[in-house]
Amino acid sequence: MPELPEVETVAQGLRRTILRKKLKGVEVFLPKTVRHGDLRDLVGRTVRRVDRVGKLMLLRWSGEMTLLWHLKMTGQILLARPAETLVKHTHLRFSFNGLDLRFVDLRQFGYVKLVPTAEAEAQAEFRALGPDALGLDHSEFLERIRGRRGRIKPLLLNQSFIAGIGNIYADESLFRAGIHPLTPASDLSHDQRRRLFGAINDVLTEALSLGGSSISRFCDVHGKLGYFQTRHQVYRRHQEACPACGSVIERFRLGGRGTHFCPQCQKV
DNA sequence: AGTTCCCTGAGG
DNA sequence: CCTCAGGGAACT
Numbered sequence: 000m001p002e003l004p005e006v007e008t009v010a011q012g013l014r015r016t017i018l019r020k021k022l023k024g025v026e027v028f029l030p031k032t033v034r035h036g037d038l039r040d041l042v043g044r045t046v047r048r049v050d051r052v053g054k055l056m057l058l059r060w061s062g063e064m065t066l067l068w069h070l071k072m073t074g075q076i077l078l079a080r081p082a083e084t085l086v087k088h089t090h091l092r093f094s095f096n097g098l099d100l101r102f103v104d105l106r107q108f109g110y111v112k113l114v115p116t117a118e119a120e121a122q123a124e125f126r127a128l129g130p131d132a133l134g135l136d137h138s139e140f141l142e143r144i145r146g147r148r149g150r151i152k153p154l155l156l157n158q159s160f161i162a163g164i165g166n167i168y169a170d171e172s173l174f175r176a177g178i179h180p181l182t183p184a185s186d187l188s189h190d191q192r193r194r195l196f197g198a199i200n201d202v203l204t205e206a207l208s209l210g211g212s213s214i215s216r217f218c219d220v221h222g223k224l225g226y227f228q229t230r231h232q233v234y235r236r237h238q239e240a241c242p243a244c245g246s247v248i249e250r251f252r253l254g255g256r257g258t259h260f261c262p263q264c265q266k267v
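Residue numbers (numbering that gives the first Met the number 0): 0 to 267.
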């Protein structure tokens, strides 16, 4: 978290507000947040485009510079009036005319990298990404899952398989598809693969339309909360009744992640 | 394939 | 005090 719908929500907010604006100044309060490049090189440039691949955001600046931006767990990109006091955990401040863009990240896992646009796709975090989960082609999904040996949930979380799915949407998609998280990918029937593809698409699309899931303080660039957490059917609903069959939702750890499922609706 | 690490705050 | 939250890299 933020996962694909949340990052896209932020990207949409940025597209509506900072395109064509010229950067007047930058302040770095937590230097380790800048993993590569010198943000002062951006002063005087304008934001030309905001792209997103998986959970990675890309700000394209004039002069062919790209800012790779990963929010990781608790990163927030917030617009603010310049006079507003800096909230705790503000690590970066981009100053535009009459408008600030601020990076706030409680756990300090998020980061930016500034590189020439020509080198952006050669960066490790970009190279390691599979096709974006939103708008993924059905035949490409089937092709990519063919021959995979591991269990299905860790595979969904693997960004080089498909980019953008995190813990919430993995659990929600598997529930909707009626698939147990431990099922070996190679054991999935054709029908299960088809249902899983549909479930991923539906979950991500619905989540995006509701502004994402506001878990761990996620909000858009205006500080507005998303609503999809109210639609979660299994994620963090362990010991509650399954919305489909009434069984008790269970939770266990898988690959270090909390994993939620209905033992009745999702059999191995 | 599983574990550790980064990091802070919430909750017990 | 302790455990837990988890994206993703690094490690075993």
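Note that the Cβ used here is the ideal one computed from N, Cα and C, for glycine as well.
Just so it is clear, the structure is predicted and the values come from calculations on it, not from any experiment.
What is the residue span of the alpha helix (DSSP H) that residue i lies within?
i, result
"Y168", "166-176"
"R101", "Counting along the chain, R101 falls outside any alpha helix (DSSP H), though it belongs to the beta strand (DSSP E) covering 98-104."
"G129", "Careful: G129 lies outside any alpha helix (DSSP H) and carries neither H nor E."
"F196", "189-208"
"I151", "151-156"
"E7", "3-14"
Which residue marks the beginning of the beta strand (DSSP E) containing residue i, and which one marks its end?
i, result
"D137", "In the sequence under discussion, the amino acid at residue 137 is His, which differs from the Asp named in the question. Looking at the DSSP string, H137 is not in any beta strand (DSSP E); the run it does join, the alpha helix (DSSP H), is 137-144."
"I76", "74-79"
"K112", "110-115"
"D40", "That residue, D40, is in no beta strand (DSSP E); it is neither H nor E in DSSP."
"T89", "89-95"
"R34", "33-35"
What do you reckon, are the CB atoms on residue i and residue j nearer than 8 Å?
i, j, result
"D99", "H90", "no"
"G53", "L113", "no"
"T8", "L207", "yes"
"L173", "Q265", "yes"
"G74", "G109", "yes"
"G129", "S159", "yes"
"K23", "S94", "yes"
"L78", "T16", "yes"
"V220", "L41", "no"
"A63", "G225", "Note on residue identity: the sequence assigns Glu, not Ala, to residue 63. No."
"A176", "Q191", "yes"
What residues match up with residue i in a beta bridge as DSSP calls it?
i, result
"F251", "T258"
"L66", "L58, L113"
"V25", "F93"
"A240", "V247"
"R48", "R59"
"A162", "D131"
"L18", "V46"
"P183", "R150"
Could you say which of the options lies nearest to residue i if we only look at CA atoms?
i, options, result
"R51", "G24, T32, L113, G163", "G163"
"M0", "L207, I199, R193, I167", "I167"
"F260", "F108, C218, L181, G254", "L181"
"K31", "H88, E139, G177, M64", "H88"
"K71", "R101, S215, L29, A119", "S215"
"R252", "T116, E124, P153", "P153"
"K223", "G210, I248, G177", "G210"
"R250", "E171, D186, H189, C218", "E171"
- Should the region 57-65 be regarded as contacting the region 33-49, the criterion being three or more beta carbon pairs within less than 8 Å? Under the Cβ criterion (8 Å, minimum of three pairs), the region 57-65 counts as touching the region 33-49.
- Item | Inter-stretch contact at 8 Å, needing at least 3 Cβ pairs: the region 227-241 / the region 125-135 | Taking a cut-off of 8 Å on C-beta distances, the region 227-241 does not touch the region 125-135, as fewer than three cross pairs fall below it.
- Item | Sufficient close CB pairs (3 or more, under 8 Å) joining the region 187-204 to the region 77-96 | Taking a cut-off of 8 Å for Cβ pairs, the region 187-204 and the region 77-96 do not touch, as fewer than three such pairs fall below it.
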